[in-house]
Amino acid sequence: MFDAVQNNLKERYVTRTEGKEFAFTQIMRCGLCGSGVTADEKFKKLKDGSVNRHVYYMCTKSRDINCKNRYINESDLIKEMSRILDVIHLDELGLRDRIDAELKRYNRFRTGVLGAKKKKESVSELDIRNYAKYLLQEGTIMEKREILMHLRSRLVLENKKLSLG
Numbered sequence: 001m002f003d004a005v006q007n008n009l010k011e012r013y014v015t016r017t018e019g020k021e022f023a024f025t026q027i028m029r030c031g032l033c034g035s036g037v038t039a040d041e042k043f044k045k046l047k048d049g050s051v052n053r054h055v056y057y058m059c060t061k062s063r064d065i066n067c068k069n070r071y072i073n074e075s076d077l078i079k080e081m082s083r084i085l086d087v088i089h090l091d092e093l094g095l096r097d098r099i100d101a102e103l104k105r106y107n108r109f110r111t112g113v114l115g116a117k118k119k120k121e122s123v124s125e126l127d128i129r130n131y132a133k134y135l136l137q138e139g140t141i142m143e144k145r146e147i148l149m150h151l152r153s154r155l156v157l158e159n160k161k162l163s164l165g
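Shown next as structure tokens:
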């Protein structure tokens, strides 16, 4: 009888080993204890039947179990990252080469496939900043990570504020 109940419990509670992939987990450190930053996804069902998705980033507390660093919502984290992109020097961002290569590829496509005339286009610093902000908000997980991996400094999360460490 005991074995039958245990087998029934095992079937009911299957542990999932696949992990959820979050955009900003591998590129930040906790500012208080130096641990990594992890993410948690929550779903809230609304009265009208729709579901809101929230992603929260927080300290893993691997170096200090009593770390007091608070969580931050993903939308607030993106605002903090945009604030950092406004003040950082573009050479430190390292995106100019990537955007220039994208622009050349687009121009080759336009002239080769669409038959459009060649036009010399350049990318200003403002365009690069806006492109980086756009990718942080609308890009894929890999695009978001790639932008932040180009930073020469490590991102540090401390009390809902992001800084370069």
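Residue numbers for the sequence shown follow the UniProt record's numbering, beginning at 1 and rising by one. In this text, a Cβ means the ideal position worked out from N, Cα and C, and glycines have one as well. The structure displayed is predicted, hence computed values, not measured ones.
- In this model, His54 and Asp48 are separated by some 17 Å (Cα to Cα).
- For the 8 Å CB-CB criterion, Leu136 and Ile147 form a contact.
- Under the DSSP assignment, Asn66 falls outside any alpha helix (DSSP H); it carries neither an H nor an E label.
- Ile78 is the residue among Ile88, Leu103 and Ile78 whose C-alpha sits nearest the C-alpha of Arg145.
- A distance of 8 Å or more separates the beta carbons of Lys160 and Ser82.
- In the structure shown, Thr60 falls within a coil segment according to DSSP collapsed to helix, strand and coil.
- From the listed residues Lys61, Met28, Asp86 and Gln26, the smallest Cα separation to Asp127 is found for Asp86.
- Distances from the CA of His150 to each of Ser75, Gly31, Ile99 and Arg70 were compared; the closest alpha carbon is that of Ile99.
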